[in-house]
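In short: position in the sequence shown from 1, add 243, done, that's our numbering.
Contents: one structure, followed by commentary.
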Amino acid sequence: MQKQICLTGIKATGMPHLGNYIGAIKPAIDMANTGSFQSYYFIADYHSLVSIHDAKMMKNYTYEVAAAWLAMGLDPKAITLYKQSDIPEILELHWMLSCFTTKGLMNRAHAYKAVVQENEGLERDSDHGINIGLFTYPILMAADIMILNADVVPVGADQLQHIEIARDIATVFNNTYGSKLKLPKAIVSEGNKLLSGLDGRKMSKSYGNHIPLFSSDKELKKLINRITTDSSGPLDPKNPDDSLIFDYYGQFASAEQTLALRAWYLKGIGWGEAKMELLSVLNSSLSGPREIYAELMGNTSKIDLILEEGAARVRPHAQKLISELKQSIGLK
Ligand code: TRP
């Protein structure tokens, strides 16, 4: 029996942070590693183009994201990794789907609505700074998914509306021409826990409270030192469930290590000691990937090759689908 197709897109936004790893990269790689799916993961560079209008930045961000996923264990033989912009058929499908998408549906998309609301709050024109790419972002995402007839799409909870929209668009298309497009199912992984940033808010580059995934030992030490702690003494018992340090630790340590640190907290641990433990566990899980990442970033032609091979695997499927759809529509 053919395996279900699992597909997800990764926006090119530079070196991921620990929150991206725990929330998106790790669950997606774990899911592919179950072996139950045929997996296609791609870099959504055309989606990034909505906001990144600097060629150098676009290139770097793309390499950084690809290198990060590879360094964290994505095996390109098992998971097809490619760049959206290498599959021109996605844009053909984008147009076809556009003609079956009501403007009203796009008006209701959260990401677009948020910018409109922000504009209105600042009493400027409601369309201020909005390009058509932002407005039709969900249609491109639907095309990404339908081009490979994906069954399941692992995403963060913030992307659920986009998957709903993709299903709506496909339904209208199918009602017109008979069932041609598969309706995708979103999978929000249970481990998709939001890791707090250094100041306790959601970890985000824009808040400057993040820990970049491939920070050096020295940088990690500095960042961990920024975590604020209370004034309890080194021998006072501490609550592990109310501690950012413990939270981070639990995401990277083994179950055994986590239990041991929990006991130490309850008995009384110095904050300096807890931070040292965290540093050591981060270093031992991330020093290997850090090296692979540096090697790939120093030799980006390796990344190019992987992405080219990925695209070569995807295009025959994409071409076949477009040819079938053209026949259905009467273009051929
Ligand atoms: N919009 C997604 C995000 O911001 C990225 C994305 C683009 C995507 N195309 C996709 C995710 C297709 C899943 C499927 O994270």
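Idealized CB from N, CA, C, for every residue including glycine.
At least one heavy atom of ligand 1 is found less than 7 Å from the C-beta of glycine 252. Collapsing the DSSP output to three states places phenylalanine 285 in a strand.
Within the segment 372-411, the complete beta strand (DSSP E) segments at least 3 residues long are 395-397, listed from N- to C-terminus.
Here leucine 383 has Tyr289, His290 and His337 as same chain residues with Cβ atoms under 7 Å from its own Cβ, once five neighbours each way along the sequence are excluded. Of the candidates Asp297, Trp507, Asn263 and Lys346, the residue whose Cα lies closest to the Cα of alanine 311 is Asn263. Just measuring C-alpha positions, the residue of Ser369, Ala354 and Glu363 sitting nearest tyrosine 380 is Ala354.
Residue pairing by DSSP puts leucine 324 in a beta bridge opposite Tyr284. The beta carbon of histidine 453 sits closer than 8 Å to those of His260, Leu261, Gly262, Gly440, Leu441, Met446 and Ser447, all from its chain and outside the five residues before and after it, given in chain order. Annotation for alanine 255: no beta strand (DSSP E) segment contains it, and DSSP assigns it neither H nor E. Per the Cβ contact rule, the segment 509-529 is in contact with the segment 465-481 (3 or more Cβ pairs under 8 Å). In this structure, the C-beta of alanine 287 approaches ligand 1 to less than 7 Å from one of its heavy atoms. For lysine 269, the enclosing alpha helix (DSSP H) begins and ends at 269-276. No residue range can be given for isoleucine 330, since it is assigned to no beta strand (DSSP E) and is classified by DSSP as neither H nor E. Across the structure, glycine 443 and threonine 414 are spaced so that their CA atoms are roughly 42 Å apart. With the rule of 3 Cβ pairs closer than 8 Å, the segment 347-365 does not count as touching the segment 420-433. In this structure, threonine 501 and glycine 493 form a Cβ contact; the two beta carbons are roughly 5 Å apart against a cut-off of 8 Å. In the three-state reduction of the DSSP assignment, glutamine 247 falls in the strand class, which pools E and B. The beta carbon of arginine 469 lies closer than 6 Å to those of Leu441 in the same chain, with the five residues before and after it left out. Distances from the CA of leucine 438 to each of Thr251, Gly372, Tyr491 and Ile268 were compared; the closest alpha carbon is that of Tyr491. Listed as beta-bridge partners of proline 455 by DSSP are His260. Placement of the Cβ of isoleucine 546 at a distance of 7 Å or more from every heavy atom of ligand 1 is found. A distance below 8 Å separates the beta carbons of leucine 529 and leucine 456. With contacts defined by Cβ atoms closer than 8 Å, isoleucine 535 and alanine 314 form a contacting pair. Going by C-alpha positions, serine 475 is about 15 Å away from isoleucine 488.
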